Structure formats: C-alpha cells, structure tokens
Amino acid sequence: MLLDLDFDVGTRDLRPAGLSAEAERQVERFLFAEARLLDERRFEAWLALWTEDGMYWMPRRPQQESPYDHISLFWDDAMLRRVRVRRLDHPRNWSQQPPTRAVRLVGNVTIDGLDDGGNLVVSSVLQVTEWRRELRHLAARVTHKLAGVAAGGWQIRLKRVDLVQCDAVLDNLEVYL
Amino acid sequence: MSLSDLDLAALVRPDSVHKRVYTDPEIFALEMERIYGQAWIYVGHESQVPQVGDYCTARIGDQHVILVRDTDGGVHVLYNRCAHKGAKLVAADEGNVGKSFRCPYHAWTYRLDGSHLGAPLKNGFAGTCFDPADPAFSLRPLARVSAYRGFVFASQAADGPDLATFLGGAVTSLDNFCDRSPLGKVEVAGGVFRVLQRSNWKVFYENLHDTMHARVTHESSVAAAREEAKALGGMPFELHIMDGNGEPYEFWEKLELRAYDNGHGYMEGIFNPGAAERDPLARAHFATLEAAYGAERAREILGMNRHNTILYGSGSPHTVFQQFRVIRPLAVDRTLVEIQVFRLKGAPEGVFRRALLYANIINSPGSNVMPDDVEVYARCQEGNGTDGGDWISLHRYLGTDREVPGGMVSTNGTSELPMRNQFKAWRRYMAGEAAAGRGLHVA
Ligand code: FES
Ligand SMILES: [Fe+2]
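Chains A and B, in that order, give the protein sequences. Sequential numbering from 1 applies to the first sequence in our numbering. Sequential numbering from 178 applies to the second sequence in our numbering.
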C-alpha cells in the first residue's frame, strides 16, 4: 500500500553537491525539458524521466513533513502515474473535454545539495498558467530529487510540489504540474 | 418575481422536479432560511476542538459560525459576529483564542460561551442603555446545539424535533462509524480537503445515491485502473477502489437504498466476509473489536457494510473508510465540499492509513475519479440554464419502493427513491408547515 512505503521525502541535512557550472546548467535544462513535456502533454515521454521507485508528491499543507500521517493532493508512485496518464489519454475522460492547456515557467533553479541516498536535491519556482473554460494561475516551490544515471543525465526520484494555495478550496487538479 | 408557497410546492412532482430549484437565486435564498435556517446541520466534530479555547469555523447555510471549547469542557456554537460593530470575530479555519475572544477592532471581549466580558473605557457607557448582561452585547449562540457521539450539530430554529429524532434511521450510520473503534470513539485527523463544485448543492446529494452514473461517468478511471491491473497481473487496493465504479448494472441493482424522513438515507452494500478474512488489516481490526466487544458483536459491526450515508443538509459520512464529506452551499451554482478524515481510536494504525489513502485517491482535488463527477454536476448546472426543457426526471422504479418504519426501502438499487425522498423533504421545508423560516432567536 502506498502509505506503507519507506520513502525518504526529507530535503534537509544535505551534503554539498559540488557541481560544475556546466553540470548545473544541465540540471536546469533537465527541468526545462520536463516542464515542456508536460506543457505539450507528451505524458509517455514524461513517465520515462522517472526512476521506477520515484514519487510525485503534492502536499496538502504548507511545510507538510510526511505523506504517511496526513492527506496529500497527490502522492503518486509509478503505478498511479501510469493510471493517471491512461485516464488522461482515454476518449471518455469527461473532465478533460476540453483538455487543460498550460504553460509552465521554471525559475530560480538552485542546487541544494546531496541527500543520504546520493540524490541531487534541486529547488525551483514553478509558475503555471492553465486554461480550461477559464484561466487559472498556480504557483509552487518545487523540490526535485534527481538520481544520476550511469550513462550520464538524470532521473526523477522525487518531485515535491508545494503549491502556494495548497490549503485553499481547490478546483480539480488533474494534470501533473 | 416573488415565490408563494404554492409556487414552490408546484416545483416538485412525485416523479420529477422543476429545474428552477437548481438555478434560481431567489430559491437558493429561501433554502438558506427554510432548510438551513431550520434543520439540524453538522458543524464539526468535538475532536476538532480538544483544548479550552480551541475553535473551528463553519458555514451553516449562509451563516458563518464558530465551534468553540469552553472552560467547563462543553462546546458552543456562536455566530461569528462581534456585538459592537459586527466585525467577524475570528478569521482562520481553526485556532485557539485562549480564555476569551477579543475583537481585533475595538477590543470588546467575550467569554467562551459568548457572553460579554468587557469593553475598554467603561466610563463612556455611563448613563446609557449599555448593559453587559443584555444579550444584545454578547455573541449570539445558535438557537440549539446538540452532539451525537461527538458529531456536533446546530439548528437555527428554537423549536423542532431533537437531533436523534431528526436523523431518524440514518443515525445508525453514525453509531456504526463510532462502533468501528474498539473504544467507541473517533477523531478528525490527517487533514481536510476542500473542493469546489460549480453546481447547486442538491446535485451532489442526489449523486450520492445515484447508482446509475458510476460506470458511465467514471469510465475513464475504471478503464485506466483495469488496464493497469492487467499489466501488473494484480489489483492492489489503490486500483480496486477505482475499479469499483465499473461494476455491471446487475451489481448496483442488488444494492438496497434506504430513505428516511427529512431527506436522509443510506446505501447498504453487499458484505463479503471472505474478503475481510483474506485481508490482514481487516483481520487485525476485527481482533481489536473482538477483544472489546466479543466476536459476535465485532462481526455485526464490521458486517454493516454501508456505502454513502446521506444526512440531508449536512453531508455524507462514510463508515467503512472513515470520512465525512460535509456539503456547504455557497451560492445557487457553487458548492463547497469539505472532506474530513477520521481515526478510529484504538484501532490498528493501518486502518487510519487506509482511510488517508482512500481520501487521497477518491476525494483529493488531484483524484483521478472525482473530476468526472464534478464535471457532470457542472454540466447539469449549465444545461439547466438553457431553455431546452423544464423538468428533471425521477421516474426510475417509482411506485415500487416499500415502506419501512420511518421511511422507505428500494426494491431495486437503481431506484431514484433517494432523489424523490430528498425532494419530498425539500417540498415540506420550503412550502409545507415548516415554511415559517428561521425561528426567533430567544436568548
Ligand atoms: S467591532 Fe468588535 S469591538 Fe468594535
Ligand atoms: Fe461518481
């Protein structure tokens, strides 16, 4: 069960990552590319960016410590990510007719360090302008934990999306931010 | 145009209801008086205010109210209005005010029961009618407050049936909710989702027992869960609760719908004892109940396998997954649903985690399931705004429902009995002898 996992969501007590300027630039480009895949609803390609044990987390509360003792807006493992993508691609997904269109602006990308598992912790700010029947503006602090790939490049082990309006009355949030 | 009681009564027929009940702001305003100004409405659970001075805020119809814990351990429900110039006294969803309320405008203070405590520079009131003992200078309590096993309800009418009588046969769901704890106690825990529906509040009540929509509206999430289960070669709990909506019509036809006075009711599920015995968490839960109540009673408690219960005007407690979807009308075409999750005190922690997981998957704004519900509700609101027709059909299995003490039971689980029952109550509130409106506030 998803709430019986032992998954490290901590992003404190980090070691310095010591990345070169070029490596930092690569991380930034990785985040931009990820955002673009979501903008273009290329979900299959987006799914391939993840480690098999990766978690997508959108807390319900500001500074939420844990997904295990509190509800979350999203707490999706690989299985639920695939389910969501299957639904978004289904011809009878009524609430996606018309579909949500959005653009994502990723900024203030900062390398925070390495966690105990050797994952690179990256912080950024996300601005999303979304259109479905009306315009909606979402903004979040995003924390990625990236796992290095032997052949070079990165995979997502954790994406934590702290919406500024996380504890508000919310309309549907169907598409990953 | 102003509506007479006769006009209102004519909007509800035995087999249909006029679309105006969903779209007319004047009717919405009357509902606030005649239903929400009168009925027992759920405010919150006592566990939300455990300490002296703890409060949480709620909407009773169009009224902002405060639930607060007093020094003597009791709770009060007060209108959220300062007696001086009317400032809203507390602004947050929850918090603690200490030993008294203090208004942020001119510092009038009130005890936790709402009574006047003080105002600065008393000399200024000398020779006037200002009188701290006069209720006009205190916070006004709601006319009646009553709790049932920790669930606090309030009524804005001074007269009427007591809470248990009002809830009728649906009260057994609140009992079963609590009995599932080996201590007989539950608490709100793990946060609350707040979801906006762009539709009239009655649409959601009707949908709670609308067994005909599940496999149609939820086709995309059912298909996604089934495809994924096939790829995995198994159906874990997360997918199972999405898959359930896809049951064939015959499954829904076999369910039993109960409808009680005042619009309440519940849906009786088909209990499968085999499934409970296979599930280690259900077995562990059973063991704690067996130790507390004995095996026979424990089987009876867990065997009461209800789906959505409807407490009309308040919302929908769900006994099996420990949640209360509280339904708060905001406007004729806007409804707020607050999903409270509960912990069964003394039960295995896994039972609580399963409730959190269920809420995450089914009730979150980020759910794969709920968006399709919210979408079709909004489409009803939009469709009923057109001149394409005037009446909503409630014909299914009309005339086949059987009478039971205090209410009715369906002979087929796809009966529109629950909707007919809700509108029977609606008509009585809105146009019947109960149409007198909010009672006088007698201090
Ligand atoms: S309005 Fe509250 S003290 Fe004046
Ligand atoms: Fe539904």
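Positions of the beta carbon are idealized from the N, C-alpha and C atoms, including for glycine. No experiment lies behind these values; they were computed from the predicted model shown.
Query                                                                                                                                                                                 : Result
Between the region 339–347 of chain B and the region 233–245 of chain B, do three or more beta carbon pairs fall short of 8 Å?                                                        : no
Please tell me whether residue 409 (chain B) has its Cβ less than 8 Å away from any Cβ of chain A.                                                                                    : yes
Use the C-beta contact count for residue 165 (chain A): other C-beta atoms within 10 angstroms, 16 or more gives buried, fewer gives exposed.                                         : exposed
Within 10 angstroms of its Cβ, does residue 302 (chain B) collect 16 or more other Cβ (buried), or is it exposed?                                                                     : exposed
Let me know if residue 1 (chain A) comes out buried or exposed under the rule of 16 or more other beta-carbons within 10 Å of its beta-carbon.                                        : exposed
With a cut-off of 8 Å, do at least 3 Cβ pairs link the region 389–402 of chain B to the region 88–107 of chain A?                                                                     : yes
Compute the distance between the beta-carbons of residue 3 (chain A) and residue 530 (chain B), then report whether it is under 8 Å.                                                  : yes
Assuming residue 138 (chain A) and residue 543 (chain B) are in contact, meaning their beta carbons sit under 8 Å apart, how far apart are those beta carbons, in whole angstroms?    : Going by Cβ atoms, the distance from residue 138 (chain A) to residue 543 (chain B) rounds to 12 Å, so no, they are not a contact pair.
By how many angstroms is the C-alpha of residue 325 (chain B) removed from the C-alpha of residue 275 (chain B)?                                                                      : 26 Å
Since residue 144 (chain A) meets chain B, which of its residues come closer than 9 Å, beta carbon to beta carbon?                                                                    : Correct list: empty, because the minimum Cβ distance to chain B is about 18 Å.
Mapping DSSP to helix, strand and coil, what is residue 225 (chain B)?                                                                                                                : helix
Can you tell which of B:552, B:597, B:430 has its C-alpha closest to the C-alpha of residue 133 (chain A)?                                                                            : B:552
Please check if any C-beta of chain B sits within less than 8 Å of the C-beta of residue 69 (chain A).                                                                                : yes
Using 8 Å for Cβ pairs, my map puts residue 258 (chain B) next to residue 363 (chain B). What's the rounded Cβ distance?                                                              : That belief does not hold up - the Cβ atoms of residue 258 (chain B) and residue 363 (chain B) are roughly 31 Å apart, past 8 Å.
Report yes if the CB atom of residue 358 (chain B) is closer than 8 Å to the CB atom of residue 601 (chain B), and no otherwise.                                                      : no
Using the beta carbon as the reference atom, which residues fall closer than 5 Å to any heavy atom of ligand 1, ordered along the chain?                                              : B:259, B:261, B:262, B:264, B:280, B:282, B:283, B:285
With a threshold of 8 Å between beta carbons, is residue 542 (chain B) in contact with chain A?                                                                                       : yes
Per DSSP, which one or two residues make a beta bridge with residue 233 (chain B)?                                                                                                    : B:244, B:271
Our contact map puts residue 592 (chain B) next to residue 434 (chain B) with C-beta atoms below 8 Å; I'd like the distance itself, whole angstroms only.                             : 6 Å
Is the CB of residue 371 (chain B) under 8 Å away from at least one CB in chain A?                                                                                                    : yes
Mind checking residue 282 (chain B): buried by the 16 CB within 10 Å criterion, or exposed?                                                                                           : exposed
Kindly give me the distance between the Cβ atoms of residue 458 (chain B) and residue 527 (chain B), rounded to whole angstroms, as I take these residues to be in contact under 8 Å. : 5 Å
Along chain B, which residues have their Cβ under 7 Å away from the Cβ of residue 171 (chain A)?                                                                                      : 373, 542
In terms of residues, what are the limits of the alpha helix (DSSP H) holding residue 202 (chain B)?                                                                                  : 202–211
Which first and last residues belong to the beta strand (DSSP E) in which residue 444 (chain B) is found?                                                                             : 442–445
So does the region 109–122 of chain A actually touch the region 141–161 of chain A, counting three or more Cβ pairs closer than 8 Å?                                                  : yes
Using the C-alpha atoms, what's the distance from residue 81 (chain A) back to residue 484 (chain B)?                                                                                 : 27 Å
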